[in-house]
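Colleague:
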Amino acid sequence: MKAAQDVKLPFEAVVAQHGATVLRVVHAVVGHSDADDAWSDTFLAALKAYPQLPADANVEAWLVTIAHRKAIDIARAAARRAIPVADAPDSPAGERTDRHDLDLETAVGALPPKQRQAVAYHYLAGLPYAQIATILDSSVAAARRAAADGIATLRRTYPVIDTARNDHDPD
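Under UniProt numbering, the first residue of the sequence shown carries the number 1, and numbering increases by one thereafter.
1. Here's the rule: buried if 16 or more other CB atoms are within 10 angstroms of the residue's CB, otherwise exposed. What is V29?
2. Do L124 and V25 have their beta-carbon atoms positioned less than 7 Å apart in this structure?
3. Just reading off the alpha helix (DSSP H) that Y129 is part of, what are its end residues?
4. Sorted by chain position, which residues of the same chain lie with C-beta nearer than 6 Å to K8's C-beta, five sequence neighbours on each side aside?
5. Is it a yes or a no for the region 15 to 24 touching the region 55 to 71, going by three-plus beta-carbon pairs under 8 Å?
6. L154 to R145, Cα distance in whole Å?
7. Can you tell me whether G31 is helix, strand or coil according to DSSP?
8. When the distance is taken between beta carbons, is A118 closer than 7 Å to A133?
9. Can you tell me which of the three DSSP states L104 falls into?
10. Once DSSP output is grouped into helix, strand and coil, what is the label at S40?
11. Since D37 contacts I72 with CB under 8 Å, what's their CB separation in whole angstroms?
12. Please classify Q131 as buried or exposed, where buried requires at least 16 neighbouring CB atoms within 10 angstroms.
13. From the DSSP output, in three-state form, read off D56 for me.
14. Shortest alpha-carbon distance to V15 belongs to which of D41, L102, D34, H32?
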């Protein structure tokens, strides 16, 4: 007889449970314009591999690891893309009304890659530093330092972070 923790959820439930976390992570790592593609690529790869995933696996960490790899693939592909010279259509980010979110997205996007990833994985996905170290192929101390350095940089470059928590007046 199988224990309750050894029963795997249907994949649809995995997407429902972890989809928002994966989207926040890829959004922070690759930016708004490529986040949907990275999210889709992540869950397509996860769907293919899910039957072989052990029932007792940490699904969230597994998904963030896949998302990390897909985000790197997309970032590499973006670096190889031609830069358009004509007027490009407005990005969906232009339709956003929350200026603080757009400013924060810009500030996070300006972080060096390791810091941006460590901040996203720890503060957006809630992963412990040990798992972040595995994903980033570094030590726990290096993952912790990258996240701390990223947050310190954000505090310097985006001072709204500290005041936004106490500001209850909408824009």
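Beta carbons are placed, not taken as given, at the ideal position from N, Cα and C, and that holds for glycine.
Modeller: According to the data block:
1. buried
2. yes
3. 129 to 136
4. A55
5. yes
6. 14 Å
7. coil
8. no
9. helix
10. helix
11. D37 to I72, Cβ: 13 Å. No contact.
12. buried
13. coil
14. D41
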